[in-house]
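In order, the protein sequences belong to chains A and B. Under this note's numbering, think of the first position of the first sequence as 1, with each following residue one higher. Under this note's numbering, think of the first position of the second sequence as 1001, with each following residue one higher. Where is the CB? At the ideal position from N, CA and C, for every residue including glycine. Before any comments, here is the structure.
Protein chains: 2
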Amino acid sequence: MRWNELSDENCSMARTVSVIGDRWTLLILRDCFLRVRRFEDFQERLGITRPILANRLKKLVNEFVLVKVPYQQRPVRYEYRLTQKGLDLFPIVMAIVHWGDIHMADKKGRPLLHTHNVCGKDFDPVMVCSECGEPLSPRQVHVHPGPGAKDPRHLPLDTDLPAPRRLAKEKAAS
Amino acid sequence: MRWNELSDENCSMARTVSVIGDRWTLLILRDCFLRVRRFEDFQERLGITRPILANRLKKLVNEFVLVKVPYQQRPVRYEYRLTQKGLDLFPIVMAIVHWGDIHMADKKGRPLLHTHNVCGKDFDPVMVCSECGEPLSPRQVHVHPGPGAKDPRHLPLDTDLPAPRRLAKEKAAS
DNA sequence: CTCGATGGTTTGAATACTAAACCTGCTGCT
DNA sequence: AGCAGCAGGTTTAGTATTCAAACCATCGAG
């Protein structure tokens, strides 16, 4: 499967991954949330090569995750800013950072801390249920087809126990 | 910068991205949470090529995100299961799926719905502050160096307004 | 009229990915 | 005994991406 086919998949995860699913894009987005906005700053902070940076920024602009805004005339110079669609990536970024803080930190502790302006405390991000407010755990979540379901390849499997494989004949018949 | 250097970065996001930051790995993890566990099943559902699948599974096992468990002898056959470290990726996966549901769904609606067994309702994942429980928005979060901070390249910039660029001499001096 | 700042693009070599075929152990059928 | 089939890979050769380094364009300042 190629990149361009990925966005056609009947799966929200595949579609999101088609936009942000490579390492450079994710790191660019991290810096966006740290208020980095200019080509040269991205390039220096990330150690990304210039052609790739240009390519990824263009892609993010095409997807309306970033907008290119002129910040001066003569000569025209642009900066890249998160759109609302881009700002909505915040939970993804926070979840990724938090997992790294928990599972990949060295002994010295986490490199960055986050303060919540609302309550004034350093915090961890927690993912909760929109309906009851309880923290989500994978075993308490059941997945089922929604109105946009189509491709049965993306439905969950039912195999909870080591099931015997289906034979090729059965597969062909189904 | 190469992949192997990424995990040495003084940044939780970079370290996490070094583990899960490519499209195939993310899609494999999606399927893991849908209870897919076998090589052939991953391969068929994802449309991934076999060498890449083998490579990514090996990587995830090395990182202790998955474990390889034999589910039969003669001939020995293995399945791949999420470890606790892997299960902890759930918020990332949910955040990615949710963004796709909001920003990338077609008119027919979202492909999958999630039911929370605790309250019994279909829900959206919401990211909240661990201290006050309020939903997080990027503008209300302030980032500052933590105990493991080291590399100033990963601190946020302070430029809120179009700032004049620093001259090369100043840079060299600092 | 040359230098530096900014935001790119071009080039050729190194790396990664793809598709298709092949390999290994074992079972069960004939 | 011999062969087909299953599961989980590996090999190979061609294609696509990425890398590093250099180059280009625009404009202002000296």
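Residue i, buried or exposed, once every other Cβ within 10 Å from all chains shown has been counted against 16
i, result
"V1019 of chain B", "buried"
"R994 of chain B", "The requested residue 994 of chain B is not part of the displayed model; chain B covers only 1001 to 1174."
"D1106 of chain B", "exposed"
"D8 of chain A", "exposed"
"F1033 of chain B", "buried"
"S1174 of chain B", "With a pLDDT of only 44 at S1174 of chain B, under 50, the local geometry of the prediction cannot be trusted, and the value read off the model is given with reservation. With fewer than 16 other Cβ atoms within 10 Å, it is exposed."
"W24 of chain A", "buried"
Minimum Cβ-Cβ distance from residue i to chain A less than 8 angstroms
i, result
"N1062 of chain B", "no"
"A1054 of chain B", "no"
"F1123 of chain B", "yes"
"V1067 of chain B", "no"
"L1167 of chain B", "Because the pLDDT at L1167 of chain B is just 46, under 50, the model does not fix this residue reliably, and the value given afterwards should be weighed accordingly. Chain A contact via Cβ: absent."
"L1113 of chain B", "yes"
"K1059 of chain B", "no"
Residue i: contacting residues in chain B (beta-carbon distance under 7 angstroms)
i, result
"A105 of chain A", "S1012 and G1148"
"N4 of chain A", "Near N4 of chain A there are no residues of chain B at all, since even the closest Cβ is about 12 angstroms away, more than 7 angstroms."
"P138 of chain A", "F1033, L1087 and F1090"
"R74 of chain A", "Result: empty, since nearest Cβ-Cβ is about 14 angstroms, beyond 7 angstroms."
is_contact[residue i, chain B] using C-beta, thresh 8 angstroms
i, result
"I28 of chain A", "no"
"I102 of chain A", "yes"
"D8 of chain A", "no"
"Q43 of chain A", "no"
"R81 of chain A", "no"
Amino acids of chain A, ordered along the chain, whose beta-carbon sits closer than 8 angstroms to that of residue i
i, result
"K1085 of chain B", "H103"
"R1023 of chain B", "W3, L6, V17, S18, G21 and D22"
Contact set between residue i and chain A, taken where Cβ atoms lie within less than 9 angstroms
i, result
"P1145 of chain B", "P111, L112 and L113"
### Query
Three or more C-beta pairs closer than 8 angstroms, one from the stretch 1095-1104 of chain B and one from the stretch 88-107 of chain A: is that the case here?
yes
Fill in: Contact the stretch 70-90 of chain A vs the stretch 1066-1078 of chain B: 3+ CB pairs below 8 angstroms
no
Practice task
Evaluate contact between the stretch 39-55 of chain A and the stretch 120-129 of chain A, counting only Cβ atoms and requiring at least three cross-stretch pairs below 8 angstroms.
Solution key: no
Notebook entry, point to check: Which runs of the beta strand (DSSP E) spanning at least 3 residues fall entirely within the stretch 30-98 of chain A, listed in chain order?
Noted result: 66-72 and 77-82
task = Inspect the CB distances between the stretch 110-117 of chain A and the stretch 1134-1154 of chain B and report whether three or more fall short of 8 angstroms.
result = yes
message: Ignoring anything shorter than 4 residues, give me the alpha helix (DSSP H) runs that lie fully in the stretch 1101-1161 of chain B, in order along the chain.
response: none
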